[in-house]
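S.K.:
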Amino acid sequence: LQLYSSSLDGTIKLWDFMDGIPIKTFTVGSKLLALYMLASAEDSVFVVIPKKGERDTFQLVSVKLTKGVGQDLEGVELSVVLDGVGASMKHIAFGREGSYVVSVKDVNLQVYFFKRKLLNRFSLSTVKTKGGDNRFSCVVCHPTEDCIATGHADGKIRLWRNFHHRKAYTYSTLHWHHDIVMDLAYSMEGTRLLSGGVESVLVQWHNESSCQKDFLPRLGSPIESISMASDGVLCCTLHTDNRISIINSNLRFSRSIQGLIKSRDVKTGLVVDPKTKALVLNGEPGHLQFYSLQSDQQLFSLDIVQRQYIHQAGLKQSDLVKVAFSARGTWLATVEESEEVTDPELQLKLWFYNEETQSFTLNTRINTPHDNHITDMCFRDMDELGDDSLILVTTGRDCVFKVWVMVEDTDPEAQQSVSWSCDFVGSYHNYQATNCCFSEDGSLLAVSFEETVTVWDSLTWDLKCTFCHPPGNIRNICFGRLTCSKYLIGATDYGFLCCWNLLTCALEWSAHLNVVVLQPDPLSEHIAAVSWLSKESSLFVFKPNAPRPIYIQRNLCKEKILLAAFVPRDEPEMTGSEKYLWLRKSQLIFLTDTQELMTLSTKSLEERLTPSSKQLAVEESLPVTPFSLLLGKHRRQQAQEDIDLGKPVVHNKQEQASPAVKELLHTPAHVLPSASFLCTIFINSLLISKENKSAEEVADEVEMESEKAEDDSDEEDVTAVEQEDASHMELLGEMTCKLSKSQEKELRKIRKMDYSWISAF
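Its first residue numbered 1, the sequence shown is counted upward by one per residue in UniProt numbering.
#1: Taking the alpha carbon of residue 430 as the reference point, which residue from 441, 401, 196 and 407 has its own alpha carbon closest?
#2: How big is the Cα-Cα spacing for residue 199 and residue 320?
#3: With 16 other CB atoms within 10 Å as the buried threshold, where does residue 103 fall?
#4: Near residue 715, what residues of its chain come up, given a Cβ to Cβ distance below 8 Å and the 5 sequence neighbours on each side ignored?
#5: Taking C-alpha atoms, which residue in 543, 483 and 558 lies nearest to residue 551?
#6: Which first and last residues belong to the beta strand (DSSP E) in which residue 545 is found?
#7: Since residue 487 and residue 545 are thought to touch, with beta carbons under 8 Å apart, how far apart are those beta carbons, to the nearest angstrom?
#8: Looking at C-alpha atoms only, which residue of 333, 526, 29 and 118 is the closest neighbour of residue 164?
#9: Verify whether the separation of the beta carbon atoms of residue 279 and residue 268 is less than 8 Å.
#10: Select from 408, 425 and 25 the residue whose C-alpha is nearest the C-alpha of residue 799.
#11: Apart from the five residues on each side of it in sequence, which residues of its chain come closer than 7 Å, Cβ to Cβ, to residue 120?
#12: What does the alpha-carbon distance come out to for the pair residue 7 and residue 78?
#13: Which class does residue 682 belong to by DSSP, given the choice of helix, strand or coil?
#14: Pair every Cβ in the segment 364-376 with every Cβ in the segment 296-312, then say whether three or more of these pairs are closer than 8 Å.
#15: Taking only three categories from DSSP, how would you classify residue 609?
#16: In terms of residue numbering, what span does the beta strand (DSSP E) encompassing residue 336 cover?
#17: Classify residue 475 as buried or exposed, calling it buried when 16 or more other Cβ atoms lie within 10 Å of its own Cβ.
#18: How about residue 592 and residue 560: are their beta carbons less than 8 Å apart?
#19: Between the alpha carbons of residue 177 and residue 58, how many angstroms are there, rounded?
#20: Helix, strand or coil: which one does DSSP assign to residue 176?
#21: What does a CB cutoff of less than 7 Å around residue 190 pick up in its chain, not counting 5 residues either side in sequence?
#22: What's the gap between the Cα of residue 237 and the Cα of residue 210?
#23: Please report how far the alpha carbon of residue 330 lies from the alpha carbon of residue 274, in whole angstroms.
#24: Residue 741 by DSSP, collapsed to three states: which one?
#25: So the beta strand (DSSP E) residue 353 belongs to, where does it begin and stop?
#26: Given a threshold of 16 other Cβ atoms within 10 Å of its Cβ, counted over all protein chains shown, does residue 358 qualify as buried or as exposed?
#27: With DSSP collapsed to three states, give me the class of residue 6.
#28: Quick one: what's got a C-beta closer than 8 Å to residue 4's C-beta in the same chain, skipping five residues either side?
#29: From residue 622 to residue 489, what distance separates their C-alpha atoms?
#30: Beta carbon of residue 225, beta carbon of residue 183: below 8 Å?
#31: Return the first residue and the last residue of the beta strand (DSSP E) that residue 435 is part of.
#32: Excluding five sequence neighbours on each side, which residues of the same chain lie with their C-beta closer than 6 Å to the C-beta of residue 563?
#33: Could you tell me the distance, in whole angstroms, from the CA atom of residue 323 to the CA atom of residue 578?
#34: Return the CA-CA distance between residue 457 and residue 463, expressed in angstroms with no decimal places.
#35: Just to confirm the assignment: which complete alpha helix (DSSP H) runs, minimum length 4, are found wholly within the segment 372-426?
#36: Can you name the start and end residues of the beta strand (DSSP E) that residue 512 belongs to?
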């Protein structure tokens, strides 16, 4: 089997499907947006490329793959098939046995017949359509008949026939969707037509009749794409929330493949669940998703809004906007609000974790906790064994912050013994409250009011001090931790990062940096700051007691990073580089504006990627295979026997660090490449490089060398020693004296002398 792929760099690659390696690379010389193949044209492929000299105009081009020796070839034989096509793969379809190709864009439809070299164009703008939005959204061709099915923005499906003639064509209409038809797919025999849209319902049309149709509702999110299996037994639907649903031919749901749910807007931020160490953020509308980084799976979804979401444009509905966990994850606070800008409907909910059901249950619902949007909230990070120590603070655009505490529920019909109520309301000069956070010991509360940061005593709620660094409002604030707990960090929207000393109530230092994300590590003194400048995101990691960053990564990515979170590791990660010591206890996660989840890794590329494809990550968190468990048990027993017999234990670093061995033992067998391909890599990983010689081997070789050879090699040896010494001294920030050639030679002779006779004394 062979596989073709296209990329934006203008290359087409032919892959060996079994071994997973590219066989040939064809260079087209233009950005490739889509790739199509026909069984009737084995030596040609069809690609969509931008039209030269025109913006947002694309062409469907036939590329004849040249035959030649070598891996890199030039695919120079190009011929334009259709002009003015859509860039999406949904806008182009090939007809029965590849005899014609169809393209749709806006309200225009083009059909090109290959054998007759005939092009027919149709436009719905000149057709009587009884109102509605006539724009095409997708197209698919019947597998056995000359019939074209097109989806439209008004929810209609049109079936075109007799399109060989420009004037004698006909079409019929199927209509159930109330909004745009996202995709269409025919069954293999052509008797069934599947359609999907924003309603999250898969519709199956029988025999092209509007009276015979079946439905599979409640698929969770709008259907973006539909694909049929080659045998027609299964079909799959791709949804806008990054989920794939597998469906049987009888329209029965089989299973779903779900990773991180792609939400419309991540308003809750990236929050870490203290119990499961899962990332918690917006999922399905009105839901919280608990996403495991180790297994790349969704642990569970919590329905917060508890209302049916209606997929209709312009409809104002409630959504989840804020989330906060207590220190041990026993309590969860959520804020939901309607999409109204002027008079939003607000609800603050407190959830208690039930150990028996292993889920959160609603404890308290507070309607209209603030008169305007809630901007931030946080729990006091103290020991939760005492109920008096657990408090919640919320800030709002109504220019106040509120303190919520637990009280005994006096309602005899209440199912729980405690509930939450407001204990204190604070304000500062009628400014809008924007951010809040507690110090590590919980004794101080910092609340930002536009340009000013206020610090409050969490026991008496007295205002202790204020900080300000004009111009610009405070965008983020956080306290230092551990040895840096006496510092308060703040970032302004005018491009300043400030550090205040709480003991002296003065500015410690400031830096001109446009910080969009400020995230402290809960297990160390480190703080990560992400800046956005010149269309690139950069990372700065620092300790508050020193203005100089300990780690800088410029041009981290081209996308804008909106959110970040430190996720505690199960075990501290061992790293040999000092620049990554701040990542030993926690893993730093980013979320971009395109909802891509990113992280920094201390491992090398060879350790993170498999040797076969250099694309699949070696997941250390995956459970090992039974063979790996058996092999590890045998090795431990053998090592224990050697220790009992007094034999020295030899650790094979080469074997432990080999990615090939990790791949064989940790990767499931059904996704491994062929054994013939892995054999060479596996054997090479076990070989010891000639450069990695022991100290004894080097000494023996020096003894066997002649004096002349020794003199000739002195220069190289001295250079190597000097470079090594210079690297160590540079690390310490010191300078070292340079030995002359004769001094180095004399030193080596002294090293060779036998001083064993001294042991007699």
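Ideal Cβ positions, reconstructed from N, Cα and C, are used throughout, including at glycine.
M.R.: Reading off the structure:
#1: The sequence position of residue 430 within the sequence shown is 430, counting from 1. It is 401.
#2: Mapped onto the sequence shown, residue 199 falls at position 199. Mapped onto the sequence shown, residue 320 falls at position 320. Answer to the nearest angstrom: the Cα atoms are 21 Å apart.
#3: Within the sequence shown, numbered from 1, the residue matching residue 103 stands at position 103. When all chains shown are included, residue 103 counts as buried.
#4: Counting from one through the sequence shown, the residue named residue 715 turns up at place 715. Low confidence applies here, because residue 715 scores a pLDDT of 44, under 50, leaving its location unreliable and the question unanswered by this model.
#5: Here the question's residue 551 lines up with position 551 in the sequence shown. Closest by alpha carbon: 543.
#6: For the purposes of this step, residue 545 is taken as the residue at position 545 of the sequence shown. Unbroken run through residue 545: none, as it is neither H nor E.
#7: Position 487 of the sequence shown, counted from the start, is the residue given in the question as residue 487. Position 545 of the sequence shown, counted from the start, is the residue given in the question as residue 545. Contact flag correct, Cβ pair sits at about 7 Å.
#8: Position 164 of the sequence shown, counted from the first residue, corresponds to residue 164. Nearest C-alpha to residue 164: 118.
#9: As a position in the sequence shown, residue 279 is number 279, starting the count at 1. As a position in the sequence shown, residue 268 is number 268, starting the count at 1. Not closer than 8 Å, so no.
#10: In the structure as shown, the chain starts at 1 and stops at 761, and residue 799 therefore has no counterpart that could be examined.
#11: Working through the sequence shown from its first residue, we reach residue 120 at position 120. Closer than 7 Å at the Cβ level, and outside the excluded window around residue 120, lie 111, 163 and 166.
#12: For this step, residue 7 is matched to residue 7 along the sequence shown. For this step, residue 78 is matched to residue 78 along the sequence shown. The straight-line gap from Cα to Cα measures roughly 17 Å.
#13: By 1-based counting over the sequence shown, the position of residue 682 is 682. Residue state, collapsed to three classes: helix.
#14: no
#15: The residue you call residue 609 lines up with position 609 of the sequence shown. Only weak support exists for where residue 609 lies, its pLDDT of 45 falling under 50; the value from the coordinates is given anyway. Correct three-state label for residue 609: strand.
#16: Sequence index remark: in the sequence shown, residue 336 carries index 336 (1-based). Taken as a continuous stretch (DSSP letters only), the beta strand (DSSP E) holding residue 336 covers 331-338.
#17: Translated into positions along the sequence shown, residue 475 becomes position 475. Looking at its Cβ environment, which holds 16 or more other Cβ atoms inside 10 Å, residue 475 is buried.
#18: Position 592 of the sequence shown, counted from the start, is the residue given in the question as residue 592. Position 560 of the sequence shown, counted from the start, is the residue given in the question as residue 560. Taking 8 Å as the Cβ cut-off, residue 592 and residue 560 qualify as a contacting pair.
#19: One-based indexing of the sequence shown puts residue 177 at position 177. One-based indexing of the sequence shown puts residue 58 at position 58. Looking at the two C-alpha atoms, the distance is approximately 29 Å.
#20: To locate residue 176, count along the sequence shown from 1; it is residue 176. In the structure shown, residue 176 sits in coil (DSSP, three-state: anything other than H, G, I, E or B).
#21: Position 190 of the sequence shown, counted from the start, is the residue given in the question as residue 190. Only 142, 143, 144 and 145 meet the Cβ criterion.
#22: Position 237 of the sequence shown, counted from the start, is the residue given in the question as residue 237. Position 210 of the sequence shown, counted from the start, is the residue given in the question as residue 210. Cα to Cα, residue 237 sits roughly 22 Å from residue 210.
#23: Position 330 of the sequence shown, counted from the first residue, corresponds to residue 330. Position 274 of the sequence shown, counted from the first residue, corresponds to residue 274. Rounded to the nearest angstrom, the two C-alpha atoms are 9 Å apart.
#24: Position 741 of the sequence shown, counted from the first residue, corresponds to residue 741. In the structure shown, residue 741 sits in a helix (DSSP, three-state: H, G or I).
#25: Here residue 353 corresponds to residue number 353 of the sequence shown, with the count starting at 1. Counting along the chain, the beta strand (DSSP E) containing residue 353 begins and ends at 346-354.
#26: Counting from 1 along the sequence shown, the entry for residue 358 is found at position 358. The residue in question, residue 358, is exposed, as its Cβ has fewer than 16 Cβ neighbours within 10 Å.
#27: Working through the sequence shown from its first residue, we reach residue 6 at position 6. If DSSP states are grouped into helix, strand and coil, residue 6 belongs with the strands.
#28: For this step, residue 4 is matched to residue 4 along the sequence shown. Taken in chain order, the residues that qualify are 12, 13, 14, 15, 35, 37 and 45.
#29: As a first step, residue 622 is located in the sequence shown; it is residue number 622 there, counting from the start. As a first step, residue 489 is located in the sequence shown; it is residue number 489 there, counting from the start. For residue 622, the predicted model reports a pLDDT of 43, less than 50, meaning its position is unreliable; a value from the coordinates is still stated below. So the alpha carbons of these two residues sit roughly 38 Å apart.
#30: Numbered from its first residue, the sequence shown carries residue 225 at position 225. Numbered from its first residue, the sequence shown carries residue 183 at position 183. The answer is yes: Cβ separation under 8 Å.
#31: One-based indexing of the sequence shown puts residue 435 at position 435. Run containing residue 435: 433-438, per the beta strand (DSSP E) assignment.
#32: Position 563 of the sequence shown, counting from 1, holds the residue named residue 563. Same-chain partners within the cutoff: 269, 270 and 591.
#33: Indexing the sequence shown from 1 puts residue 323 at position 323. Indexing the sequence shown from 1 puts residue 578 at position 578. Answer to the nearest angstrom: the Cα atoms are 35 Å apart.
#34: For this step, residue 457 is matched to residue 457 along the sequence shown. For this step, residue 463 is matched to residue 463 along the sequence shown. Taking the straight line from one Cα to the other gives about 7 Å.
#35: none
#36: In the sequence shown, counting from the first residue as 1, residue 512 sits at position 512. Counting along the chain, the beta strand (DSSP E) containing residue 512 begins and ends at 506-512.
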